[in-house]
Amino acid sequence: MWQARTAARAERYRLAVRLRDAVLHRTSALVELAHRGRLEEVSAEARTALAAVRELLHGLEHGPESERRLAPQPTGADLVALCRTQGASGREVTLRGTLESAAGLPASVTLTAYRMVEAAPCAGDRGPARVRPRRRRGALHLTVTGVRLAVPGPVAERLRVQATAADGRLTLEPAGTVRVLLPLPLPLPLPLPLPAGPGPAHAREVSPSPHV
Numbered sequence: 000m001w002q003a004r005t006a007a008r009a010e011r012y013r014l015a016v017r018l019r020d021a022v023l024h025r026t027s028a029l030v031e032l033a034h035r036g037r038l039e040e041v042s043a044e045a046r047t048a049l050a051a052v053r054e055l056l057h058g059l060e061h062g063p064e065s066e067r068r069l070a071p072q073p074t075g076a077d078l079v080a081l082c083r084t085q086g087a088s089g090r091e092v093t094l095r096g097t098l099e100s101a102a103g104l105p106a107s108v109t110l111t112a113y114r115m116v117e118a119a120p121c122a123g124d125r126g127p128a129r130v131r132p133r134r135r136r137g138a139l140h141l142t143v144t145g146v147r148l149a150v151p152g153p154v155a156e157r158l159r160v161q162a163t164a165a166d167g168r169l170t171l172e173p174a175g176t177v178r179v180l181l182p183l184p185l186p187l188p189l190p191l192p193l194p195a196g197p198g199p200a201h202a203r204e205v206s207p208s209p210h211v
């Protein structure tokens with residue numbers, strides 16, 4: 000029962016963070032820009048906020064974490080298939096590194112990495128892109144290069160929302176490089192052994208009374 004309550008609290012926290020970043024902060028920025036009369040920036044900020052809200056709704060449409068576990072989750076091999084699919088559509092996307100880096104990861108980390116690899120190369124760039132996953136120091140490091148159009152605008156906000164929801168860190172470089180650090184959850188501690196109870200009562204031998 001306590002695992003269910005912990006999972007529910009974690010899900011509520013993730014939703015609160017995503018709502019705050021996608022709605023509250025962006026709406027406050029829109030009000031400030033409109034007050035200053037900077038209409039072009041208002042339009043750009045509105046599009047970014049809309050992309051963030053769409054990403055939030057996408058997560059809600061797939062139900063809570065307990066329901067998402069029922070659906071097949073992407074694996075490291077699916078990252079290879081995803082890059083090949085994007086290549087078949089006319090964009091050369093190469094996966095560098097070994098699949099061992101993405102093998103055996105928690106489903107939530109693999110899903111976040113999959114969505115980011117799905118989004119970044121589809122920002123509209125025409126040149127080749129490279130995806131490199133690495134596992135190091137309790138985290139998955141994901142680097143995507145050749146995605147200059149993913150650094151600003153709606154795609155960047157989508158990546159930012161995904162990284163925040165996974166308690167990760169996102170770095171966007173103007174040259175067209177996306178760097179993501181996704182921490183791996185710590186393993187649950189082993190349950191403590193139960194304290195030893197009182198041992199069985201030992202029968203005490205009583206000598207027969209000489210008066211019997």
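Going by numbering that gives the first Met the number 0, 82 is the number at position 83 of the sequence shown; the sequence numbering is gapless. Every residue, glycine too, gets a C-beta built ideally from N, C-alpha and C.
Practice prompt. Assign Gly-175 to buried or exposed, taking buried as 16 or more other Cβ atoms, counted over all protein chains shown, within 10 Å of its Cβ.
Written response: Taking the sequence shown and counting its residues from 1, one reaches residue 175 at position 176. So Gly-175 ends up on the buried side.
Fill in: Beta-carbon gap between Ala-149 and Pro-120 smaller than 9 angstroms
Translated into positions along the sequence shown, residue 149 becomes position 150. Translated into positions along the sequence shown, residue 120 becomes position 121. Cβ distance < 9 angstroms, so Ala-149 and Pro-120 count as in contact.
Item to complete: On a CA-only basis, which of Val-41, Ala-162 and Leu-183 is nearest Gly-137? Give me that one, please.
Response: Indexing the sequence shown from 1 puts residue 137 at position 138. Of Val-41, Ala-162 and Leu-183, the residue nearest in Cα terms is Leu-183.
Worksheet item: From Gly-145, Asp-166, Val-160 and Thr-26, pick the residue whose C-alpha is nearest to that of Val-177; which is it?
Response: Your numbering for residue 177 matches position 178 in the sequence shown. Taking only the C-alpha atoms, the option nearest Val-177 is Gly-145.
Worksheet entry | From Arg-135, Arg-83 and Leu-181, residue whose alpha carbon lies closest to that of Thr-93 | On the sequence shown, residue 93 is found 94 positions in, with the first residue counted as 1. If we check each option's Cα against that of Thr-93, Arg-83 comes out closest.
Worksheet entry | Range covered by the alpha helix (DSSP H) that runs through Arg-159 | As a working note, residue 159 is residue 160 in the sequence shown. Unbroken alpha helix (DSSP H) run through Arg-159: 152-164.
Fill in: Among Leu-181, Ser-42, Glu-39 and Leu-38, nearest to Ala-112 - alpha-carbon criterion
Within the sequence shown, the letter at position 113 stands for residue 112. Among Leu-181, Ser-42, Glu-39 and Leu-38, the Cα nearest to that of Ala-112 is on Leu-181.
Worksheet item: What's the C-alpha gap between Leu-29 and Pro-153?
Response: Counted from its first residue, the sequence shown places residue 29 at position 30. Counted from its first residue, the sequence shown places residue 153 at position 154. Using only the alpha carbons, I get a separation of about 15 angstroms.
Worksheet entry | Close beta carbons around Glu-39, own chain, < 7 angstroms, minus the five adjacent residues each side | Sequence index remark: in the sequence shown, residue 39 carries index 40 (1-based). Excluding residues within five positions, none has a Cβ falling inside 7 angstroms.
Item to complete: Would you decide whether Glu-156 is buried or exposed? Buried here means 16 or more other CB atoms lie within 10 Å of its CB.
Response: The residue given as residue 156 occupies position 157 in the sequence shown. Result: buried.
Discussion item. What would DSSP say about Leu-141, mapped onto helix, strand or coil?
Written reply: Here residue 141 corresponds to residue number 142 of the sequence shown, with the count starting at 1. Looking at Leu-141 - three-state DSSP - the assignment turns out to be strand.
Item to complete: Mark Arg-37 as exposed unless 16 or more other C-beta atoms lie within 10 angstroms of its C-beta, in which case mark it buried.
Response: Locating residue 37 in the sequence shown gives position 38, counting from the first residue. Counting Cβ neighbours within 10 Å, Arg-37 comes out exposed, since fewer than 16 surround it.
Item to complete: Measure how close the beta-carbons of Leu-104 and Leu-139 come, nearest whole angstrom, since I'm counting them as under 8 angstroms.
Response: For the purposes of this step, residue 104 is identified with residue 105 of the sequence shown, where counting begins at 1. For the purposes of this step, residue 139 is identified with residue 140 of the sequence shown, where counting begins at 1. Contact holds; Cβ gap of about 6 angstroms.
Worksheet item: What is the DSSP secondary structure of Leu-181, reduced to helix, strand or coil?
Response: Taking the first residue of the sequence shown as position 1, residue 181 is located at position 182. Looking at Leu-181 - three-state DSSP - the assignment turns out to be strand.
Fill in: CA-to-CA distance, Arg-114 to Val-160, given in whole angstroms
The residue labelled residue 160 in the question sits at position 161 within the sequence shown. The residue labelled residue 114 in the question sits at position 115 within the sequence shown. Roughly 11 angstroms between the two C-alpha positions.
Worksheet entry | For Arg-134, the nearest candidate out of Glu-31, Ala-122, Pro-151 and Val-108 (CA to CA) | Start at 1 with the first residue of the sequence shown, and residue 134 comes out as number 135. Minimum Cα distance to Arg-134 is reached at Val-108.
Worksheet item: Helix, strand or coil for Val-146 per DSSP?
Response: The sequence position of residue 146 within the sequence shown is 147, counting from 1. It is coil, neither helix nor strand.
Practice prompt. Give the single residue among Arg-95, Pro-127, Ala-45 and Gly-96 whose Cα lies nearest to the Cα of Gln-85.
Written response: As a first step, residue 85 must be located in the sequence shown, where it is residue number 86. Nearest C-alpha to Gln-85: Pro-127.
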